[in-house]
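Visitor:
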Amino acid sequence: MSLSMRGRAGRGGGRGGGVRSLPRPSPTILRAMDDSMPVSSAASFLVTPAGSAFAAGDSQAGEAALWNIWNQVVEYASQTPAHKLDRVIEVLKAVADLEEPATFEIWGKQATWKQLPLLGPAIRESWDDERHAEPININAFAARLTAANLVDLSMYAIWTLRSVLEDSTPSQIYSKSGDKGCKVAAAWFIYASKVLYAFCKEGRRFGGRGAEQGSDIVGKEWNGYNEERWILWVERMEEVQRTAIDEDTKRVLQKAMEATQDASRPAAAG
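Okay, here's the thing in structure tokens:
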């Protein structure tokens, strides 16, 4: 299982298993993600197969086309360095703003482009794919979608942060998760600190046990976001930053720490 980690099954260092060769992005994806095409045009171009099917009233064909499109987008994002995902997010924002067709049917229910329907399930299906040679990319993609209020993947943040920061004692986090795992956790703070901090302030909770605390956290009944959890995450990230050996990892963790400080800083009076 990869360092993208989900649920209670994702309790591992993600070091096993070979990395398979990755498919090349399709011509459609490469064209849509090319900066030479206006973002609004790229959005329409990207989802044309699905949009045409929905407009013709063929919801089954539309669903299949949209699922294929999102799988290609997720694959592309997982191969794109975290700091180069701007274009992907811009195109998806433009897709969410599309108005034609105004509504269409997904899984028997009415949907709109604003919901980016099926993108969340496509990400979920890909989340533990061992082909993610750099799981920081797929985590950064999920973080940026959450921060942009395009798709709520805040549960995925808990899965990742719990696996790295809560399942080991502070002194063992770096040795158990390694540079890759620590960078994956850092990605959520770098790209989504403000929204994660807001969730902690409001005490956002989830049903079931999917968001419970990690195995090193004793005597707590967490099931979501809270201020105590935020403080623990920050303290443990600071500890890892001090003990990390790799200079690039230390740099990434420092960037994450700066993002958490910015997120929790009181807004200046207007």
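Heads up: the sequence shown at position 269 corresponds to 269 in full-length UniProt numbering, and the numbers run straight through without jumps.
C-beta: ideal position from N, C-alpha, C; glycine also.
Measuring straight from C-alpha to C-alpha, what distance separates A244 and E258?
Guide: Along the sequence shown, one-based indexing puts residue 244 at 244. Along the sequence shown, one-based indexing puts residue 258 at 258. Cα to Cα, the separation comes out at about 17 Å.
Visitor: Please report the distance separating the alpha-carbon of M5 from that of K109.
Guide: The residue given as residue 5 occupies position 5 in the sequence shown. The residue given as residue 109 occupies position 109 in the sequence shown. Model confidence at M5 stands at a pLDDT of 47, short of 50, so the residue's coordinates are unreliable and nothing is read from them.
Visitor: Using DSSP's beta-bridge definition, name the partner residues of I123.
Guide: For the purposes of this step, residue 123 is identified with residue 123 of the sequence shown, where counting begins at 1. Partner(s): none; I123 has no beta bridge.
Visitor: Is D248 close to chain B, meaning its C-beta is less than 7 Å from at least one C-beta of that chain?
Guide: The structure shown contains no chain B; it is built from a single protein chain.
Visitor: By the three-class DSSP mapping on this structure, what secondary structure does I106 have?
Guide: Locating residue 106 in the sequence shown gives position 106, where the first residue counts as 1. DSSP, reduced to helix, strand and coil, places I106 within a strand of the structure shown.
Visitor: Note the first and the last residue of the continuous alpha helix (DSSP H) segment covering P27.
Guide: Position 27 of the sequence shown holds residue 27. Taken as a continuous stretch (DSSP letters only), the alpha helix (DSSP H) holding P27 covers 27 to 32.
Visitor: Just verifying my parser: in three-state terms, what is the DSSP assignment at R209?
Guide: Translated into positions along the sequence shown, residue 209 becomes position 209. Coil at R209, not helix or strand.
Visitor: How should I138 be labelled, buried or exposed, when 16 other C-beta atoms within 10 angstroms of its C-beta is the threshold for buried?
Guide: On the sequence shown, residue 138 is found 138 positions in, with the first residue counted as 1. Counting the other Cβ atoms within 10 Å of the Cβ of I138 gives 16 or more, which makes it buried.
Visitor: Taking all protein chains shown into account, decide if L30 is buried (16 or more other Cβ within 10 angstroms of its Cβ) or exposed.
Guide: Walking along the sequence shown from the start, residue 30 turns up at place 30. Exposed, since its Cβ has fewer than 16 Cβ neighbours within 10 Å.
Visitor: At what residues does the alpha helix (DSSP H) containing P135 begin and finish?
Guide: Along the sequence shown, read from residue 1 onward, the residue named residue 135 stands at position 135. Counting along the chain, the alpha helix (DSSP H) containing P135 begins and ends at 135 to 147.
Visitor: Since I believe A42 is in contact with A53 (beta carbons under 8 Å), could you give me their beta-carbon distance rounded to a whole number of angstroms?
Guide: Here residue 53 is taken as the residue at index 53 of the sequence shown, counted from 1. Here residue 42 is taken as the residue at index 42 of the sequence shown, counted from 1. So it is not a contact: roughly 19 Å between Cβ atoms.
Visitor: What is the rounded straight-line gap between the Cα of S177 and the Cα of E247?
Guide: Residue mapping note: residue 177 aligns to position 177 of the sequence shown, counting from 1. Residue mapping note: residue 247 aligns to position 247 of the sequence shown, counting from 1. Roughly 16 Å separates the two Cα atoms.
Visitor: What number of angstroms, rounded off, separates the C-alpha of G16 from the C-alpha of A55?
Guide: On the sequence shown, position 16 is the one that residue 16 refers to. On the sequence shown, position 55 is the one that residue 55 refers to. Note that G16 scores 37 on pLDDT, short of 50, meaning its location in the model is unreliable and no value can be drawn from it.
Visitor: Please report the residue range of the alpha helix (DSSP H) in which R251 lies.
Guide: Residue mapping note: residue 251 aligns to position 251 of the sequence shown, counting from 1. Taken as a continuous stretch (DSSP letters only), the alpha helix (DSSP H) holding R251 covers 247 to 264.
Visitor: What's the C-alpha gap between P170 and I231?
Guide: Indexing the sequence shown from 1 puts residue 170 at position 170. Indexing the sequence shown from 1 puts residue 231 at position 231. One C-alpha to the other measures close to 13 Å.
Visitor: For the 8 Å Cβ check, are there 3 or more pairs between the stretch 97 to 112 and the stretch 150 to 165?
Guide: no
Visitor: Hey, could you find the ends of the alpha helix (DSSP H) P49 is sitting in?
Guide: What you label residue 49 is simply residue 49 of the sequence shown in a count that begins at 1. 39 to 55 is the extent of the alpha helix (DSSP H) around P49.
Visitor: Look up A111 in the DSSP assignment and give the residues it is bridged to.
Guide: Translated into positions along the sequence shown, residue 111 becomes position 111. Beta bridge pairing from DSSP links A111 with F104.
Visitor: Taking E100 as the reference, give the member of G51, F45, A263 with the closest Cα.
Guide: In the sequence shown, the residue the question calls residue 100 occupies position 100. Closest option to E100, Cα to Cα, is G51.
Visitor: Drop a sphere of 10 angstroms on the beta-carbon of V73, count the other beta-carbons inside from all chains shown, and report buried for 16 or more, exposed for fewer.
Guide: Locating residue 73 in the sequence shown gives position 73, counting from the first residue. So V73 ends up on the buried side.
Visitor: Rounding to the nearest angstrom, what Cα-Cα distance links F206 and E212 in this structure?
Guide: Position 206 of the sequence shown, counting from 1, holds the residue named residue 206. Position 212 of the sequence shown, counting from 1, holds the residue named residue 212. The alpha-carbon atoms of F206 and E212 are separated by roughly 9 Å.
Visitor: Taking I69 as the reference, which of A32, E202, A157 has the closest Cα?
Guide: Start at 1 with the first residue of the sequence shown, and residue 69 comes out as number 69. With distances taken between Cα atoms, I69 lies closest to A32.
Visitor: Hey, how far is the Cα of K194 from the Cα of P81?
Guide: What you label residue 194 is simply residue 194 of the sequence shown in a count that begins at 1. What you label residue 81 is simply residue 81 of the sequence shown in a count that begins at 1. Their backbone Cα atoms lie some 21 Å apart in a straight line.
Visitor: Return yes when the Cβ of A143 is within less than 7 Å of the Cβ of A187, no when it is not.
Guide: As a position in the sequence shown, residue 187 is number 187, starting the count at 1. As a position in the sequence shown, residue 143 is number 143, starting the count at 1. Yes, they are a contact pair.
Visitor: What number of angstroms, rounded off, separates the C-alpha of A192 from the C-alpha of D35?
Guide: As a working mapping, residue 192 is identified with position 192 in the sequence shown. As a working mapping, residue 35 is identified with position 35 in the sequence shown. So the two alpha carbons sit approximately 24 Å from each other.
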